[in-house]
Amino acid sequence: MREVLTLNSQADLPGQRKRALMGSLSVQIAGEAVLLPSGTPDQSLDPGDQLLAEHGAPSGGQRVLVLGAGNGVLPVFCARRVGQGEVLVVDQRSHALAVAAATAALNGATARFISTTDLSRLPAGSVNHALINIAFQPNSVRLVELLGETQRLTEPGARVYLAGARDRGADTAIKRLGEVFGRAQLAAYRKGYRVGVAVRSEAAMPPAAAPQLELMEVELRGSHYTLEAHSGVFARGGLDPAAALLATAIEVSSGDKVLDLGCGSGIVGMVAARLAPQGHVWLVDTNTEAVALTQRNVERNAIPNATVLVSDSTAAVADQRFDVVVCNPPFHEGRSAARSLGLRLINDAMHVLPPGGRCFVVANRFLPYETAMRERLNDVREVAGDTRYKVLRGSGLYRSG
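Numbering-wise, the working numbering comes out as the position in the sequence shown, counting from 1, plus 806.
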């Protein structure tokens, strides 16, 4: 069954909120202080969110769409502005939604947090103000699709603001905003960041038709797979070469219990499932669009021994132990390089691996993940690779988590 993530943030019980305030960090946005919970992964404010707050602030009673949860600071700012209005925060990253919801709760702000996979369920014309930060969108193709969905959701007269770094494609994104809404103009800029604005008119272009189903046929380890592609998941339009390399290198026995950590399209986990017909494979990802895609691919390929879950790293399976963990860590989150994400996944994998377990990680050749693996595993070696990627095999856990 597909996991659907919908969160609501409200001020929690006074005692709980008082405890949460201890150790919290104050961040400034458009001259206002917003508290971040202790331990928030990203404790800085994205400059795009700052520009959106300064130049695209909503007013009382408005129904606001915030596309890109960030760390929740911008949603809190919007909730304060709209009063009795509504703030809808949309993101494909389940961990970002959870962090933003925690920030909203800490600040006593009310907002609704949903996955991009559920946008189509919302009625047309349900918002009259929108703020979009391209830093939190996966790629330019998916951004255009989300702009079309934003156009459907906004009522005539709604203002739509889009911000981002110029060296990350802000100028092109503002141009795409104009193509979807009829016209867009530059509202402000600062230190390499741009914010553009468009007004939803009756004469705006009709929303683009839903993208056609894109299928590809793949042969791996003696089995045939039919894979659906999706713009919100890496390597749309072809099999991720790193995933293909990992799938050819993993060692899985017929009865193994396997975790595919960061499953993407699900191809590596499906290969593992067919290699372990008497075992079972759990495929997890924080990207809700990846989870929905993997579920469809598992069903399309009739994989009976697989469970697909939304999970922030290993959170959904933390109480289990696996004979094999396979991992293709993301090097990009949205448009920002994030090596720390890969290191976190590797570290978390050690906590669900028993002493006799095996861990397989694929990575860009220049990433030194061997060092992190050797902190917990006795035997770490490269078992496959090419000029771009390497597959690392680790075993012999000597300090269990």
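For every residue, glycine included, the Cβ atom is placed at its ideal position computed from N, Cα and C.
Extent of the continuous beta strand (DSSP E) to which residue 835 belongs: Taking the sequence shown and counting its residues from 1, one reaches residue 835 at position 29. 831 to 835 is the span of the beta strand (DSSP E), which, as asked, contains residue 835.
Rounded distance between the beta-carbons of residue 968 and residue 781, thought under 8 Å: Because the chain here runs from 807 to 1207, residue 781 falls outside it and cannot be looked at.
Contact set for residue 861: own chain, Cβ-Cβ below 6 Å, skip 5 residues either direction: Your numbering for residue 861 matches position 55 in the sequence shown. So the qualifying residues of the chain are 993, 994, 1001.
Burial state of residue 898, where buried means 16 or more other Cβ atoms lie within 10 Å: As a first step, residue 898 is located in the sequence shown; it is residue number 92 there, counting from the start. Classification for residue 898: buried.
Pairwise C-alpha distance: residue 1028 and residue 869: Sequence index remark: in the sequence shown, residue 869 carries index 63 (1-based). Sequence index remark: in the sequence shown, residue 1028 carries index 222 (1-based). One C-alpha to the other measures close to 53 Å.
Residue 942 vs residue 998 beta-carbon contact at 8 Å: Mapped onto the sequence shown, residue 942 falls at position 136. Mapped onto the sequence shown, residue 998 falls at position 192. In this structure, residue 998 does not lie closer than 8 Å to residue 942 by Cβ.
Pairwise C-alpha distance: residue 979 and residue 950: The residue given as residue 950 occupies position 144 in the sequence shown. The residue given as residue 979 occupies position 173 in the sequence shown. Answer to the nearest angstrom: the Cα atoms are 8 Å apart.
Per-residue DSSP class, three states only, for residue 997: Taking the first residue of the sequence shown as position 1, residue 997 is located at position 191. Coil at residue 997, not helix or strand.
Residue 1098 versus residue 1155 - alpha carbon distance: For the purposes of this step, residue 1098 is taken as the residue at position 292 of the sequence shown. For the purposes of this step, residue 1155 is taken as the residue at position 349 of the sequence shown. Approximately 22 Å between the Cα atoms of the pair.
Cutoff 8 Å; reference residue 982; Cβ partners in own chain excluding five residues on either side: As a position in the sequence shown, residue 982 is number 176, starting the count at 1. Result list for residue 982: 946, 949, 950, 953, in chain order.
Every unbroken alpha helix (DSSP H) inside the region 854 to 937 [4 residues or more]: Listed in chain order, they are 879 to 888, 900 to 912.
Whole runs of the alpha helix (DSSP H) within the region 933 to 997, excluding any shorter than 4 residues: 946 to 959, 976 to 987
Rounded Cβ spacing between residue 1102 and residue 1032 (contact assumed at less than 8 Å): By 1-based counting over the sequence shown, the position of residue 1102 is 296. By 1-based counting over the sequence shown, the position of residue 1032 is 226. That belief does not hold up - the Cβ atoms of residue 1102 and residue 1032 are roughly 10 Å apart, past 8 Å.
For residue 1062: DSSP bridge partner residues: Translated into the one-based positions of the sequence shown, residue 1062 becomes position 256. Residue 1062 pairs with nothing; no bridge assigned.
For residue 1071 and residue 1096, the rounded distance between their alpha carbons: Within the sequence shown, the letter at position 290 stands for residue 1096. Within the sequence shown, the letter at position 265 stands for residue 1071. Whole-angstrom Cα-Cα distance: 6 Å.
Residue burial classification, residue 1134 (beta-carbon count within 10 angstroms, cutoff 16): The residue you call residue 1134 lines up with position 328 of the sequence shown. So residue 1134 ends up on the buried side.
Inter-residue spacing [alpha-carbon to alpha-carbon] between residue 885 and residue 847: Counting from one through the sequence shown, the residue named residue 885 turns up at place 79. Counting from one through the sequence shown, the residue named residue 847 turns up at place 41. About 22 Å.
Exposed unless 16 or more other CB atoms sit within 10 angstroms - verdict on residue 1207: Position 401 of the sequence shown, counting from 1, holds the residue named residue 1207. With a pLDDT of only 48 at residue 1207, under the threshold of 50, the placement of this residue in the model should not be trusted; the figure read from the coordinates follows. With fewer than 16 other Cβ atoms within 10 Å, it is exposed.
Three-state secondary structure (DSSP) of residue 1213: Outside the displayed range of the chain (807 to 1207) lies residue 1213, so it cannot be described from this structure.
Buried/exposed call for residue 890, threshold 16 Cβ in 10 Å: Within the sequence shown, the letter at position 84 stands for residue 890. Per the 10 Å Cβ criterion, exposed.
Residues near residue 1083 in its chain [Cβ-Cβ closer than 8 Å; skip 5 each side]: Reading the sequence shown from its first residue, position 277 is the one you call residue 1083. Within the same chain, 1060, 1111 come within 8 Å of residue 1083 by CB-CB distance, once the 5 residues on both sides are set aside.
Coil, strand or helix - residue 1159 by DSSP: Here residue 1159 is taken as the residue at index 353 of the sequence shown, counted from 1. DSSP places residue 1159 outside both helix and strand once states are collapsed to three, so it counts as coil.
Presumed contact (8 Å Cβ cut-off) between residue 1117 and residue 1090, rounded CB distance: Translated into positions along the sequence shown, residue 1117 becomes position 311. Translated into positions along the sequence shown, residue 1090 becomes position 284. The C-beta distance from residue 1117 to residue 1090 rounds to 4 Å, short enough to fall under 8 Å.
Helix, strand or coil at residue 1204 [DSSP, three-state]: The sequence position of residue 1204 within the sequence shown is 398, counting from 1. In the structure shown, residue 1204 sits in coil (DSSP, three-state: anything other than H, G, I, E or B).
Segments assigned alpha helix (DSSP H), at least 4 residues, entirely inside the region 1081 to 1107: 1094 to 1106
Length of the line joining the Cα atoms of residue 930 and residue 961: In the sequence shown, counting from the first residue as 1, residue 930 sits at position 124. In the sequence shown, counting from the first residue as 1, residue 961 sits at position 155. Going by the C-alpha atoms only, they are around 8 Å apart.
Own chain, CB closer than 6 Å to residue 933, minus 5 neighbours either side, in chain order: Taking the sequence shown and counting its residues from 1, the one referred to as residue 933 is at position 127. Closer than 6 Å at the Cβ level, and outside the excluded window around residue 933, lie 869, 871, 959, 960.
Residue from 918, 905, 966, 1109 whose Cα sits closest to the Cα of residue 988: Numbered from 1 along the sequence shown, position 182 holds the residue referred to as residue 988. Among 918, 905, 966, 1109, the Cα nearest to that of residue 988 belongs to 966.
Paired residues, beta bridge with residue 1021 - DSSP: The residue labelled residue 1021 in the question sits at position 215 within the sequence shown. Paired residues: 1034.
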